[in-house]
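Residue numbers (the numbering used here): 902 to 964.
One structure is given below, encoded as structure tokens.
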Amino acid sequence: MEVNRAQEIYESPTLINVSYQGQPVFIQDIHHGENKATISPLTDIDDKQEVEVEQLVEEEPTH
């Protein structure tokens, strides 16, 4: 994923599915200068980690 798209998802009022290494995650913050994001798994919102934005994957919505 590109950092600009990650920022759009972060600012979106609607839930957009994003995964990291196959696990659904919530984007907590974007670090533009480093092309990194702070994320946490949906199952444990307090378990934060910093990852490269390019490792995040936008998933197709499930209907």
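The C-beta atom is built at its ideal place from N, Cα and C for all residues, glycine as well.
Close CB contacts of Q929 within its chain, under the 7 Å cut and outside five residues either way in sequence, are with T939, I940, S941, K949 (chain order). The three-state secondary structure of I940, taken from DSSP, is strand.
Separation of L957 and F927 (C-alpha to C-alpha, rounded to the nearest whole angstrom) is 10 Å. Residue environment for I917: exposed (fewer than 16 other C-beta atoms within 10 angstroms of its C-beta). Counting along the chain, the unbroken alpha helix (DSSP H) around V904 starts and ends at 904-912. For the options D947, I910, V952, the alpha carbon positioned closest to that of Q922 is the one of V952.
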